[in-house]
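Residues 1 to 249 in full-length UniProt numbering are what the first sequence spells out, letter by letter. Using N, Cα and C, we set each Cβ at its ideal position, and we do this for glycine too. To keep things clear, I will list the structure first and then write my remarks on it.
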Amino acid sequence: MVRAPCCDKMGLKKGPWTPEEDQILISHVQQNGHANWRALPKQAGLLRCGKSCRLRWTNYLRPDIKRGNISKEEEETIIRLHELLGNRWSAMAAKLPGRTDNEIKNVWHTHIKKKLKNYQSTRDSKRQKIRESDPQSENPNISNRKEINGFGYMSISPQSSGELSSVTYSPVMTTPDIFKPENFNSSKSTFSEIRKRFLPGDIQGDDDLKTWFEMDQELRCVGSDDGKDFWYNLFIKAQGLPGFPGDVI
DNA sequence: AACCGCCGCAACCGCATTTTT
DNA sequence: GAAAAATGCGGTTGCGGCGGT
């Protein structure tokens, strides 16, 4: 495939956007939408490539965007999502309304990574001290895992010193048989069983659970990418509810 | 006041993926 | 089904602001 020529080769402008350019882009998108980013700059009279316009719009000019002031809750969500998804910034952004992949990526690299690094070194030195005083006190293979009613394990990252206020859960992706797609026909007993063992409070009955599952499946959660989104939603929904195994920590 | 180094963020680049022809 | 075009994504860079010396 032949690569399209990039901006500089076509004499287009690069670098920071001026307020005038922003205004042109905003009013053009408001009036005409952004069905075709490639054609947009020409139509709007901007000396930018389509890619640059799209980036400017999605990361900065979009009306529904929240900028700056990442809350503690958002920070914790980012950490939890990062444990689940790795560097899939756009997938993380989809779980944080008003935040962009670029912003999350920047926040991760500039703030959170640093905090976690500090936390980790503090924790490691504490562990070292414990090991020195009582070598049998810690088994690294099991110490930070908790079994959930036969549904595999969650890894548990304890509270950071000061800044990060809660335990972080991350399901280990050993999908139990009960959740495997091949066992998800329309069997009510399967859903009953899940409900009995893992009931999120706002799910009223087997049909609701089934619908919820099917919605997630539509979003390609099960059968792709180890069903991480499905697991994520399940754990998020179940957290904090009575009987949820995580809340005993 | 001038210089320097660090940090945060916006924007770019190149590759991957999806959509269109 | 193949090729081309468009879009999306994640890694990286460069610049401006700020604090310290």
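- The beta carbons of residue 46 and residue 25 sit about 7 Å from each other, so the pair counts as a contact at 8 Å.
- With contact defined as three or more Cβ pairs closer than 8 Å, the stretch 48 to 66 and the stretch 10 to 23 are in contact.
- In this structure, the alpha-carbon of residue 101 lies about 17 Å from that of residue 73.
- Rounded to whole angstroms, the Cβ separation of residue 104 and residue 89 is 5 Å, and the two are in contact under 8 Å.
- Annotated three-state conformation of residue 108 is helix, per DSSP.
- When the five nearest sequence neighbours on each side are left out, the beta carbons in the same chain lying within less than 7 Å of the beta carbon of residue 98 are those of 64, 65, 66, in order along the chain.
- Here residue 28 is near residue 40, since their CB atoms are less than 8 Å apart.
- In the structure shown, residue 59 falls within a helical segment according to DSSP collapsed to helix, strand and coil.
- In the DSSP assignment, residue 24 falls within the alpha helix (DSSP H) that extends over 19 to 32.
- Apart from the 5 residues on each side of it in sequence, residue 51 has no Cβ closer than 6 Å to any other Cβ in its chain.
- Between residue 75 and residue 112, the CB-CB gap stays under 8 Å.
- The beta carbon of residue 43 is closer than 8 Å to those of 28, 32 in its chain, skipping five residues each way along the sequence.
- Counting of Cβ neighbours within 10 angstroms places residue 38 among the exposed residues, the total staying below 16.
- Within the model, the alpha-carbon separation for residue 126 versus residue 78 is close to 26 Å.
- Under the three-state reduction of DSSP output, residue 41 falls in the helix class.
- Following the DSSP letters along the chain, one finds residue 84 inside the alpha helix (DSSP H) bounded by residues 72 to 85.
- In the three-state DSSP reduction, residue 35 falls in the coil class, being neither helix nor strand.
- For residue 108, the closest alpha carbon among the candidates 86, 129, 94 is that of 86.
- In the structure shown, the three-state DSSP call for residue 69 is coil.
- Taking a 10 Å sphere around the C-beta of residue 35, we find fewer than 16 other C-beta atoms and assign the residue as exposed.
- Taking 8 Å as the cut-off, the beta carbon of residue 116 is found no closer than this to the beta carbon of residue 95.
- Looking at the backbone, the Cα of residue 54 and that of residue 110 are separated by about 24 Å.
- As the crow flies, the alpha-carbon of residue 68 is around 16 Å from that of residue 56.
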